[in-house]
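Here is the structure we will look at, set down as structure tokens.
Number of protein chains: 2
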Amino acid sequence: MAVTLRDVARASGVHVSTVSRALSTPHLVRAETRERVLAVAAELGYRPNHTARALTTGRTRNLGLIVADIANPFFPPLIKAAQSRARLHGYQVFLADTDENPRAEEELIRTLGQQVDGLVLVSPRLSNAVLSRTGGDLPVVLVNRRSRAHATVLMDVAHGATLAVEHLAALGHRRLAVATGPKGSWTGSQLRRAAERAAAARGLALSVLGPVPPTEDGGTAAAGDLLRTGATGVIAYNDLVAVGLIEGLAARGAGVPGDVSVVGVDDSATGRLSRPRLTTIAMPTTAAGHAAVDLLIQAIEPPDGEGGGTAGAAAGGAAETTLGTALIVRESTAPLEHPASRL
Amino acid sequence: MAVTLRDVARASGVHVSTVSRALSTPHLVRAETRERVLAVAAELGYRPNHTARALTTGRTRNLGLIVADIANPFFPPLIKAAQSRARLHGYQVFLADTDENPRAEEELIRTLGQQVDGLVLVSPRLSNAVLSRTGGDLPVVLVNRRSRAHATVLMDVAHGATLAVEHLAALGHRRLAVATGPKGSWTGSQLRRAAERAAAARGLALSVLGPVPPTEDGGTAAAGDLLRTGATGVIAYNDLVAVGLIEGLAARGAGVPGDVSVVGVDDSATGRLSRPRLTTIAMPTTAAGHAAVDLLIQAIEPPDGEGGGTAGAAAGGAAETTLGTALIVRESTAPLEHPASRL
DNA sequence: CTGAAAGCGCTAACAG
DNA sequence: CTGTTAGCGCTTTCAG
Numbered sequence: 121m122a123v124t125l126r127d128v129a130r131a132s133g134v135h136v137s138t139v140s141r142a143l144s145t146p147h148l149v150r151a152e153t154r155e156r157v158l159a160v161a162a163e164l165g166y167r168p169n170h171t172a173r174a175l176t177t178g179r180t181r182n183l184g185l186i187v188a189d190i191a192n193p194f195f196p197p198l199i200k201a202a203q204s205r206a207r208l209h210g211y212q213v214f215l216a217d218t219d220e221n222p223r224a225e226e227e228l229i230r231t232l233g234q235q236v237d238g239l240v241l242v243s244p245r246l247s248n249a250v251l252s253r254t255g256g257d258l259p260v261v262l263v264n265r266r267s268r269a270h271a272t273v274l275m276d277v278a279h280g281a282t283l284a285v286e287h288l289a290a291l292g293h294r295r296l297a298v299a300t301g302p303k304g305s306w307t308g309s310q311l312r313r314a315a316e317r318a319a320a321a322r323g324l325a326l327s328v329l330g331p332v333p334p335t336e337d338g339g340t341a342a343a344g345d346l347l348r349t350g351a352t353g354v355i356a357y358n359d360l361v362a363v364g365l366i367e368g369l370a371a372r373g374a375g376v377p378g379d380v381s382v383v384g385v386d387d388s389a390t391g392r393l394s395r396p397r398l399t400t401i402a403m404p405t406t407a408a409g410h411a412a413v414d415l416l417i418q419a420i421e422p423p424d425g426e427g428g429g430t431a432g433a434a435a436g437g438a439a440e441t442t443l444g445t446a447l448i449v450r451e452s453t454a455p456l457e458h459p460a461s462r463l
Numbered sequence: 121m122a123v124t125l126r127d128v129a130r131a132s133g134v135h136v137s138t139v140s141r142a143l144s145t146p147h148l149v150r151a152e153t154r155e156r157v158l159a160v161a162a163e164l165g166y167r168p169n170h171t172a173r174a175l176t177t178g179r180t181r182n183l184g185l186i187v188a189d190i191a192n193p194f195f196p197p198l199i200k201a202a203q204s205r206a207r208l209h210g211y212q213v214f215l216a217d218t219d220e221n222p223r224a225e226e227e228l229i230r231t232l233g234q235q236v237d238g239l240v241l242v243s244p245r246l247s248n249a250v251l252s253r254t255g256g257d258l259p260v261v262l263v264n265r266r267s268r269a270h271a272t273v274l275m276d277v278a279h280g281a282t283l284a285v286e287h288l289a290a291l292g293h294r295r296l297a298v299a300t301g302p303k304g305s306w307t308g309s310q311l312r313r314a315a316e317r318a319a320a321a322r323g324l325a326l327s328v329l330g331p332v333p334p335t336e337d338g339g340t341a342a343a344g345d346l347l348r349t350g351a352t353g354v355i356a357y358n359d360l361v362a363v364g365l366i367e368g369l370a371a372r373g374a375g376v377p378g379d380v381s382v383v384g385v386d387d388s389a390t391g392r393l394s395r396p397r398l399t400t401i402a403m404p405t406t407a408a409g410h411a412a413v414d415l416l417i418q419a420i421e422p423p424d425g426e427g428g429g430t431a432g433a434a435a436g437g438a439a440e441t442t443l444g445t446a447l448i449v450r451e452s453t454a455p456l457e458h459p460a461s462r463l
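Written out as structure tokens, the structure is:
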């Protein structure tokens, strides 16, 4: 069996509680005693039992991070950022993947929720109503979802969408399309709305495609619909969809950017590696990972003189951070060719 | 506060232990009582406290999965497979990322190890010696690492490498190279050895490059070295390195597959999406994820009439499963052009 | 500064 | 079949 506090206590001739203090609150123990205890603990190879500690303190020093799909290149940078930031504060991150399934998401919030001090939900697919019901009283930070009940980190995809429409307009495109993502995606609706507004402001036509599954296959399957709209410029829900779209267009004899200009969202590794190189709206994923963890830890460890308020919610409502986006122009967008030269 | 067993007991007029039984071992409780208790529990919204349960039983129903780098497209399919398989058995998977850092790996094995019933280590970078010292008595399954101490799932990359050399030889290439991966990678050394053997058997020259960081940048940086060897065919440690190599070669004016043929390893999404489409050794990642979890759960829950043996180790040594690989020929390999036409 | 005692929420013998 | 009794390993009052 593993060595416990009692073993250390026995071996160093003090009481268990003294050992506990020497380990957890060293300043409450006389230097001499402390050093002896620590030495014995080290010698015996004592490792505190995480579960027991969690049971008494109610804290786990774990954070949960729930994402829709780890295979989606949008997530890894955010995950890594969250992990490194958490480690900095002495927290361990538990990652879980919902497979884009709201039911799995709900289940995970419950299961994971019990073993962590707080949860970061990235691009949740659950409705706000279900979210707040499911969360219990656990501190929760939402990424790319607005909610009054929880602290929130938003990426300003609307601004990116506006830039994309302007870019396409400047290239001479008059008929645009936007491929929206899965139901429940805040990013998707932001994207659509901003694109609609920007297109309307410039008198451009805008067709809405979707909901499209946020994968390459989803994009490929949507290529037919896209061509039917007659759009020559399209903004895809994310880079994966954009790449799939390009594939699907090629299969139908339409070239990118020759016949259709395609803009992705994310600036993911996939978009950088695919050919033609993808023009895309860069999302601040790393910054978001950092911000989300900072916010969460703030909620978990009240900054000091906090009243007895609800977890994380400051007086004026939950914190909300909005991070900027940018348009990265690469090779998948080009000036509209003369109508005559199409097909 | 959350509702506990005692609350349910009180409200249903039975003892705590009866409630516990009704929940955990229903067949030990009279139907009537059970139903009443269950009804009350449901009504009160009782949720068992995971931590407390773990403390008494010593089991968490959690599995740990440690990978080198979630951003590497090799891992996601394996992770997803492991997760779905685990869920099937009522286990939850905790995923952690070592960032290719052996120290972080060691730390994670310890931290994560305390909160799970078993660990799957995918492509560990730690030496076997350190691994077995660090693991404690926790059931551990290794993927792509051979060890007498632990159950193991291997991918037959050596076979794939042989096929790749044959393929390159058939295309007329006489000078080959292999880019090996990070130190401590079992896959990398298998790849190198098999390539050396296959090349020698056919009288082909083979240069060894590396260690190369297992990323796109690593590949790009290695392009110069590759050209210096004069090889016209190369097998890269993985798809990421292959893609980077292609990039780096292009920057130096060498075309793929015109001047150099490149073979990757993994058959990852990245390799499928990059252009030219990558010829690659397909790794059985999904199967490996399933197999690893199956093996692990077997070690955690002894199949019944198991003696009092060490965790997971059957009489004749630890289990070892080897999964097959295949060569997928796409566009990054082509017949050797006449020397005159090069450069 | 240190020891004693209580208890976190649950399971697991052991009686009845 | 159900109640009683002990803890799991740790932290945390409360005394002294």
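Going down the list, the protein sequences come from chains A and B. 121 is the number of the first residue of the first sequence in our numbering; add one for each residue after it. 121 is the number of the first residue of the second sequence in our numbering; add one for each residue after it. Each residue gets a CB set at the ideal place from its N, CA and C atoms; glycine is no exception.
- prompt: Arg295(A) by DSSP, collapsed to three states: which one?
  reply: The residue labelled residue 295(A) in the question sits at position 175 within the first sequence. Arg295(A): strand per DSSP, three-state reduction.
field: Rounded straight-line distance, which links the Cα of Asp337(B) to that of Val354(B)
entry: Position 234 of the second sequence holds residue 354(B). Position 217 of the second sequence holds residue 337(B). Roughly 17 Å between the two C-alpha positions.
field: For Phe214(B), the first and last residue of its enclosing beta strand (DSSP E)
entry: The residue you call residue 214(B) lines up with position 94 of the second sequence. That run of the beta strand (DSSP E) goes 212-217.
field: Length of the line joining the Cα atoms of Glu316(A) and Thr307(A)
entry: If you number the first sequence from 1, residue 316(A) lands on position 196. If you number the first sequence from 1, residue 307(A) lands on position 187. So the two alpha carbons sit approximately 14 Å from each other.
field: Minimum length 3: unbroken beta strand (DSSP E) runs contained in the stretch 220-293 of chain A
entry: 238-242, 260-263, 271-275
- request: Report the three-state DSSP secondary structure of Thr399(A) (helix, strand or coil).
  value: As a working note, residue 399(A) is residue 279 in the first sequence. If DSSP states are grouped into helix, strand and coil, Thr399(A) belongs with the strands.
query: For Asp276(A) versus Thr442(A), is the C-beta distance shorter than 8 Å?
result: Looking up residue 276(A) in the first sequence gives position 156. Looking up residue 442(A) in the first sequence gives position 322. Against a cut-off of 8 Å, the Cβ pair of Thr442(A) and Asp276(A) comes out as a contact.
- prompt: Could you give the residue range of the alpha helix (DSSP H) that holds Ile366(A)?
  reply: Within the first sequence, numbered from 1, the residue matching residue 366(A) stands at position 246. Counting along the chain, the alpha helix (DSSP H) containing Ile366(A) begins and ends at 359-371.
query: Rounded to a whole number of angstroms, what is the C-alpha to C-alpha distance between Thr282(A) and Leu262(B)?
result: Residue 282(A) sits at position 162 when you count from the first residue of the first sequence. Residue 262(B) sits at position 142 when you count from the first residue of the second sequence. Roughly 49 Å separates the two Cα atoms.
Within chain B, partners of Val465(A) - CB distance below 8 Å: Look at the range of chain A in this structure, 121 to 463, and you will see that residue 465(A) is not part of it.
- prompt: Are Val123(A) and Leu164(A) touching if we call contact CB-CB under 8 Å?
  reply: Sequence index remark: in the first sequence, residue 123(A) carries index 3 (1-based). Sequence index remark: in the first sequence, residue 164(A) carries index 44 (1-based). Going by C-beta atoms, Val123(A) is nearer than 8 Å to Leu164(A).
query: According to DSSP, is Ala419(A) helix, strand or coil?
result: Translated into positions along the first sequence, residue 419(A) becomes position 299. If DSSP states are grouped into helix, strand and coil, Ala419(A) belongs with the helices.
- prompt: Less than 8 Å separating the beta-carbons of Arg313(B) and Leu398(B)?
  reply: Along the second sequence, one-based indexing puts residue 313(B) at 193. Along the second sequence, one-based indexing puts residue 398(B) at 278. The answer is no: Cβ separation not under 8 Å.
message: Against chain A, which members of the stretch 163-187 of chain B pass a CB distance test of less than 8 Å?
response: Arg167, Asn169, His170, Thr171, Ala172, Ala174, Leu175, Thr180, Asn182
- request: Could you work out which residue in His410(B), Pro146(B), Asn248(B) is closest to Lys200(B) when comparing CA atoms only?
  value: Indexing the second sequence from 1 puts residue 200(B) at position 80. Per the Cα distances, His410(B).
task: With 9 Å as the limit, tell me which residues of the stretch 231-249 of chain B have their beta carbon closer than that to any beta carbon of chain A; keep them in chain order.
output: Thr231, Leu232, Gln234, Gln235
- request: Could you tell me which residues DSSP pairs with Ile448(A) in its beta bridges?
  value: What you label residue 448(A) is simply residue 328 of the first sequence in a count that begins at 1. DSSP lists Thr400(A) as partners of Ile448(A).
field: Buried or exposed by the 16-neighbour rule on C-beta atoms within 10 Å, applied to Ala159(A)
entry: Numbered from 1 along the first sequence, position 39 holds the residue referred to as residue 159(A). Exposed, because fewer than 16 other Cβ atoms sit within 10 Å of the Cβ of Ala159(A).
field: DSSP three-state assignment for Ser388(A), whether helix, strand or coil
entry: The sequence position of residue 388(A) within the first sequence is 268, counting from 1. Reduced to three states, the DSSP call for Ser388(A) is coil.
message: Just to confirm the assignment, what range does the alpha helix (DSSP H) spanning Gly344(B) have?
response: Position 224 of the second sequence, counted from the first residue, corresponds to residue 344(B). Where Gly344(B) is concerned, the enclosing alpha helix (DSSP H) stretches over 336-349.
task: Could you tell me the distance, in whole angstroms, from the CA atom of Thr270(A) to the CA atom of His279(B)?
output: Numbered from its first residue, the first sequence carries residue 270(A) at position 150. Numbered from its first residue, the second sequence carries residue 279(B) at position 159. What sits at residue 270(A) in the sequence shown is His, not Thr. Near 52 Å, if we compare the C-alpha coordinates of His279(B) and His270(A).
task: Put Glu440(A) into one of helix, strand or coil per three-state DSSP.
output: As a working note, residue 440(A) is residue 320 in the first sequence. Note: Glu440(A) maps to strand in three-state DSSP.
- prompt: Are Ile448(A) and Ala389(A) touching if we call contact CB-CB under 8 Å?
  reply: Start at 1 with the first residue of the first sequence, and residue 448(A) comes out as number 328. Start at 1 with the first residue of the first sequence, and residue 389(A) comes out as number 269. Not a contact, by the Cβ cut-off of 8 Å.
Contact with chain B by Ile199(A), beta-carbon distance below 8 Å: Your numbering for residue 199(A) matches position 79 in the first sequence. Yes, Ile199(A) counts as interfacial toward chain B.
- prompt: Do you know offhand how far Arg294(A)'s Cα is from Ala370(B)'s?
  reply: For the purposes of this step, residue 294(A) is identified with residue 174 of the first sequence, where counting begins at 1. For the purposes of this step, residue 370(B) is identified with residue 250 of the second sequence, where counting begins at 1. So the two alpha carbons sit approximately 36 Å from each other.
field: DSSP beta-bridge partners of Gly353(B)
entry: For this step, residue 353(B) is matched to residue 233 along the second sequence. DSSP, once it has assigned bridges, lists Leu296(B), Ser381(B) as partnering Gly353(B).
field: Residue range of the alpha helix (DSSP H) that includes Ala178(A)
entry: One-based indexing of the first sequence puts residue 178(A) at position 58. Sequence check: residue 178(A) is Gly here, not Ala. Neither: Gly178(A) is in no alpha helix (DSSP H) and is coded neither H nor E.
task: Can you pull the chain A residues whose beta carbon is under 9 Å from the beta carbon of Pro259(B), in chain order?
output: Stepping through the second sequence from its first residue, residue 259(B) is reached at position 139. Result: empty, since nearest Cβ-Cβ is about 15 Å, beyond 9 Å.
- request: Taking 8 Å as the cut-off, decide whether the C-beta atoms of Leu347(A) and Ala356(A) are in contact.
  value: Working through the first sequence from its first residue, we reach residue 347(A) at position 227. Working through the first sequence from its first residue, we reach residue 356(A) at position 236. No. Outside cutoff.
message: For a contact defined as C-beta to C-beta under 8 Å, what are the partners of Leu370(B) on chain A?
response: Translated into positions along the second sequence, residue 370(B) becomes position 250. Reading off the sequence, residue 370(B) comes out as Ala, not Leu. By Cβ distance, chain A contributes nothing, its closest Cβ being about 11 Å from Ala370(B), past 8 Å.
- request: Flag Phe214(B) as yes if its beta-carbon sits less than 8 Å from any beta-carbon of chain A, otherwise no.
  value: Residue numbering aside, residue 214(B) sits at position 94 when the second sequence is read from its first letter. For Phe214(B), the answer is yes, since a Cβ of chain A falls inside 8 Å of its Cβ.
Unbroken beta strand (DSSP E) run spanning Ser305(A), endpoints: Residue numbering aside, residue 305(A) sits at position 185 when the first sequence is read from its first letter. Ser305(A) -> no beta strand (DSSP E), and no H or E assigned at all.
Short Cβ contact (8 Å threshold) for Ala188(B) with Thr218(B): Sequence index remark: in the second sequence, residue 188(B) carries index 68 (1-based). Sequence index remark: in the second sequence, residue 218(B) carries index 98 (1-based). It is a contact, given that the beta carbons lie within the stated cut-off.
Cβ neighbour criterion (16 or more within 10 Å) applied to Arg101(A): This structure gives no information on residue 101(A), because the portion of chain A shown stretches from 121 to 463.
message: Could you give the first and the last residue of the continuous alpha helix (DSSP H) run that contains Ala151(A)?
response: Taking the first residue of the first sequence as 1, we reach residue 151(A) at position 31. Element bounds for Ala151(A): 151-164.
message: Here's the rule I'm using: 16 or more other beta-carbon atoms within 10 Å means buried, otherwise exposed. How should Ala290(A) be labelled?
response: For the purposes of this step, residue 290(A) is taken as residue 170 along the first sequence, with counting starting at 1. Exposed, because fewer than 16 other Cβ atoms sit within 10 Å of the Cβ of Ala290(A).
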